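J.:
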Amino acid sequence: MELKIENLEVTLQKNKILNRVSLTVKSGELISLLGASGCGKSTMLKGIAGLLDIEKGRICLDGKEIHNMAPEKRGTVIVFQDLRLFPHMTVEKNIAFPMELKKVPKARQKEIIKKLLEDVQLPGFEKRKIKEMSGGQMQRVALARALACEPSILLLDEPFSGLDEKLRLEMGALVRKLQKERKITTILVTHDKKEALQMSDRIALMSNGHILQYASPTEIFQHPENRQVAAYFGKANYIEGTVQKEQFDSDYISCEAKGYADGKYELLVRPFDVKVIAEGSAVEIRKMTYLGETVDLYLRDEKQTFYAQDISARIHAAGLMEGAKAGIEFAPESICLFPEEKE
């Protein structure tokens, strides 16, 4: 089902948390609300679920207004970070809870629970107590319980933040698989950019109650609309230059700038698009940080500092080390120019 949010406003304790936010989630799409704490992403999720009142705006599901409906009438299901499972109940009874409210026959409940536990990779766990389970297993039970509700919209409020990186990746992949199979329209709230890039069809990056950019993972990473968006996805280099007749020229790189008007710009170059080579002495390697498979390099010439990221084995084989002189090449995968900002 398609979810449409129009000009949503929410004020809590005299603070404007959401300020005229609009967003459309296509049927069967998984989108992420990404941003730092306090940006309004969880507030938007709770507004969609009906867990807090909205001041202004509309929330529509397949064209039908739902913002004035009671939470249980909306067809939304929300999974919180703390999961809110019943610790004194078995796995089976936890998953059955929403079906009991709908008066689903017991025999049918057992069929559904068996299938859901297979889907979340916990076959045979019906009689297990929640308090006997690991964090990752409890996450899977919470997901199964949410799916038992057969939601029109699945809302995930940072459900993986308490897990280690390996489990987060596993749970993200599992949720994405089940979401695609069932074609459930899903909204994930997260502050983890890797999680958003891994799981989403589109990402809405939020700040101070506004959406800064809403685009596919590739688009938002390679073509951020401004430096604030670019900065959220990690370190970046900015090379000053000029565009004339759709050609960008600078002291470091020249490239085609199709569609850009003449003027002064800054070219965005991500660290892994900076190649450090043994031949040459254009920069000094000021610092190297070993990260296992990769290494971060901080480089300096007479004008500015550059950040590079490369394969550790290649840097080692080239004999590059801190304090050494090196050459530098820029090869951005895509061209992204911002009108020049003076700090």
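FYI, the numbering for the sequence shown is 303 to 645, going by the numbering used here.
Glycine residues also receive a C-beta, built at the ideal position from the N, C-alpha and C atoms.
Owing to the predicted nature of the structure, the values given are computational and were not obtained by experimental measurement.
#1: Could you tell me which residues DSSP pairs with Q546 in its beta bridges?
#2: Which same chain residues, not among the five before or five after N396, have their C-beta less than 7 Å away from its C-beta?
#3: Measuring only the C-alpha atoms, how far is P519 from I455?
#4: Going by C-alpha distance, which of L469, P641, A628, V576 is nearest E527?
#5: Going by beta carbon distance, what residues of the same chain come within less than 6 Å of V381, once the five residues before and after it are set aside?
#6: In terms of residue numbering, what span does the alpha helix (DSSP H) encompassing A533 cover?
#7: In angstroms, rounded to a whole number, what distance separates the CA positions of I361 and I489?
#8: Which word fits Y554, buried or exposed, when buried means at least 16 other C-beta atoms lie within 10 angstroms of its C-beta?
#9: Taking A633 as the reference, which of L353, L569, G594 has the closest Cα?
#10: Shortest alpha-carbon distance to A563 belongs to which of I541, K547, S344, H493?
#11: Taking only the alpha-carbon atoms, compute the straight-line gap between G330 and E483 and give it to the nearest angstrom.
#12: For A338, which option in E624, F535, A610 has the closest C-alpha, if you only look at C-alpha atoms?
#13: Just the C-alpha distance for I414 and A398, rounded to the nearest angstrom, thanks.
#14: For the beta strand (DSSP E) holding M508, just list the boundary residues, first then last.
#15: Can you check whether the CB of L419 is closer than 7 Å to the CB of F427?
#16: Whole angstroms are fine: how far does the CA of L403 sit from the CA of I307?
#17: Taking DSSP as the reference, what is the three-state secondary structure of V491?
#18: Between Q611, D603, E367, which lies nearest to V597 when the distance is taken from Cα to Cα?
#19: As a quick exercise: from I356, A628, L354, pick the residue whose alpha carbon is nearest that of R602.
#20: Please list the terminal residues of the continuous alpha helix (DSSP H) segment that includes F523.
#21: Report yes or no: do three or more beta-carbon pairs, one from the stretch 496-504 and one from the stretch 305-320, lie closer than 8 Å?
#22: Alpha carbon to alpha carbon, what distance is there between H525 and G625?
T.: On the basis of the coordinates in this document:
#1: In DSSP, Q546 forms a bridge with Q549.
#2: L387, F388, I432, V443, R447.
#3: Taking the straight line from one Cα to the other gives about 21 Å.
#4: Nearest C-alpha to E527: P641.
#5: Once the five neighbours on either side are set aside, the close Cβ partners of V381 are A444, A448, L458, P461.
#6: Going by DSSP, A533 is part of the alpha helix (DSSP H) stretching over 529-534.
#7: Across the structure, I361 and I489 are spaced so that their CA atoms are roughly 14 Å apart.
#8: With 16 or more Cβ atoms within 10 Å of its Cβ, Y554 is classed as buried.
#9: The option with the nearest alpha carbon to A633 is L569.
#10: Comparing alpha-carbon positions, the option among I541, K547, S344, H493 lying closest to A563 turns out to be K547.
#11: Answer to the nearest angstrom: the Cα atoms are 10 Å apart.
#12: With distances taken between Cα atoms, A338 lies closest to F535.
#13: Cα atoms of I414 and A398: separation of roughly 9 Å, rounded to the nearest angstrom.
#14: Segment 504-509, the beta strand (DSSP E) holding M508.
#15: The Cβ atoms of F427 and L419 sit closer than 7 Å to each other.
#16: Roughly 29 Å separates the two Cα atoms.
#17: Strand at V491.
#18: Across the set Q611, D603, E367, the C-alpha of Q611 shows the shortest separation from the C-alpha of V597.
#19: Answer by Cα proximity: A628.
#20: Unbroken alpha helix (DSSP H) run through F523: 519-524.
#21: By the Cβ rule, the stretch 496-504 does not count as touching the stretch 305-320, because fewer than three pairs are nearer than 8 Å.
#22: Going by C-alpha positions, G625 is about 34 Å away from H525.
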